[in-house]
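Residue numbers (the numbering used here): 2 to 119.
Even glycine gets a Cβ: it sits at the ideal position worked out from N, Cα and C.
This report concerns only the one structure given below.
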């Protein structure tokens, strides 16, 4: 499986990258929404794990840009955030068709199971 990890926390990206790699998956990383959009536009991923609160461009901004370029595949996106998501933010996520929202801290095995069960 080819996975894109998008988070501004280098520690989280490194931990998830190591875990997915040990499971035999191919991993790419990005640290903001703009970098994620470029990688998604240039590549083909089986799963995208996307943080919402990032500098430069948020996960929301990345989703908006992907929607505008017809590269948004909501069934492949897993929002992973430490934010307390308000109803309006959840509505915004749902507007993009994304149904997979997980809160940090997340059990890495639960995250992996969610991603691989799709």
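Counterpart residues of residue i in DSSP-defined beta bridges
{"i": "residue 31", "result": "7"}
N- and C-terminal bounds of the beta strand (DSSP E) containing residue i
{"i": "residue 50", "result": "48–51"}
{"i": "residue 80", "result": "78–82"}
{"i": "residue 87", "result": "Neither: residue 87 is in no beta strand (DSSP E) and is coded neither H nor E."}
{"i": "residue 73", "result": "Looking at the DSSP string, residue 73 is not in any beta strand (DSSP E), and its letter there is neither H nor E."}
{"i": "residue 101", "result": "101–104"}
Endpoints, the alpha helix (DSSP H) within which residue i is located
{"i": "residue 64", "result": "60–69"}
{"i": "residue 117", "result": "109–117"}
Sequence-distant residues of the same chain with beta carbon closer than 7 Å to residue i, five excluded per side
{"i": "residue 59", "result": "34, 53"}
{"i": "residue 42", "result": "70, 72"}
{"i": "residue 82", "result": "52, 53, 54, 104, 105"}
{"i": "residue 107", "result": "81"}
Residues near residue i by beta carbon distance below 8 Å, same chain, minus five either side
{"i": "residue 91", "result": "102"}
{"i": "residue 55", "result": "7, 8, 9, 32, 33, 34"}
{"i": "residue 113", "result": "20, 21, 24"}
Close-in-space but distant-in-sequence residues of the same chain around residue i (CB under 6 Å, 5 per side omitted)
{"i": "residue 46", "result": "3, 5"}
| Is it a yes or a no for the stretch 31–46 touching the stretch 55–75, going by three-plus beta-carbon pairs under 8 Å? | Three or more beta-carbon pairs drawn from the stretch 31–46 and the stretch 55–75 are found closer than 8 Å, and the two stretches are therefore classed as touching.
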